[in-house]
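> My structure is below; once you've seen it, I'll send some questions.
Numbering (the working numbering), first residue to last: 1 to 181.
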């Protein structure tokens with residue numbers, strides 16, 4: 001056994017609570033290790049002090065003495081009218097739920113109806129203010145071309161191939177035989 005295991009088992013060894021196999025192993029180690037022997041002496045002294053303290057503290061109280069002490073403790077507890085600052089507040093959950101509901105309503109009001117914010121505060125989003133300064137026709141854009149066409153003519157056979165590509169890249173091909181070649 002090494003010192004780490006022996007020091008782990010020493011308090012049980014000193015108190016006599018260790019099994020016979022481990023007791024023999026600890027005794028063998030204590031014969032060779034001076035540091036663990038010193039640790040055993042310290043454990044024995046602390047156990048002896050604890051036993052002396054317990055023997056000196058034993059008081060044999062009668063039943064009436066116990067009742068008197070318990071009644072005095074209960075009366076002292078009943079006299080306390082100011083709650084402890086660590087005591088739980090009884091309305092904590094209802095306050096939390098109320099604040100959560102109020103914040104939900106405010107966020108819903110802001111995101112669902114942002115124009116309501118401008119009516120309440122007098123502030124407008126920058127894009128709306130910019131549009132009010134310019135006439136409506138200034139914001140119209142030319143429509144983008146929806147279909148792109150590409151015409152290929154083969155020089156040797158005279159076949160004309162027309163490809164039409166729309167916005168989502170689906171193409172149609174039309175073959176025409178050109179007899180001019």
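Using N, Cα and C, we set each Cβ at its ideal position, and we do this for glycine too.
How is the alpha helix (DSSP H) around residue 149 delimited, first residue to last?
Note, residue 149: premise wrong, no alpha helix (DSSP H); beta strand (DSSP E) at 147-153.
> Under a three-way DSSP split, which group does residue 54 fall into?
DSSP places residue 54 in helix when its eight states are reduced to three.
> Rank 11, 158 and 153 by C-alpha distance to the C-alpha of residue 46 and give the top, closest one.
Closest option to residue 46, Cα to Cα, is 11.
> Could you round the C-beta distance between residue 6 and residue 44 to whole angstroms and report it? I think they count as a contact, below 8 Å.
At roughly 15 Å, the Cβ-Cβ gap does not stay under 8 Å, so residue 6 and residue 44 are not in contact.
> Tell me the rounded alpha-carbon separation between residue 68 and residue 92.
Distance between the alpha carbons of residue 68 and residue 92 is about 38 Å.
> Run through DSSP, which three-state label would residue 163 get?
Correct three-state label for residue 163: strand.
> Just reading off the alpha helix (DSSP H) that residue 16 is part of, what are its end residues?
From DSSP, residue 16 is part of no alpha helix (DSSP H); its letter is neither H nor E.
> Going by Cα to Cα distance, which pick from 55, 163 and 97 is closest to residue 151?
Closest by alpha carbon: 163.
> Quick one: Cα of residue 181 to Cα of residue 165, how far?
Interpretation of residue 181 is limited by its pLDDT of 49, a score under 50 that renders its predicted location unreliable; no figure is taken from the coordinates.
> Do you know how far the Cα of residue 60 is from the Cα of residue 72?
Using only the alpha carbons, I get a separation of about 19 Å.
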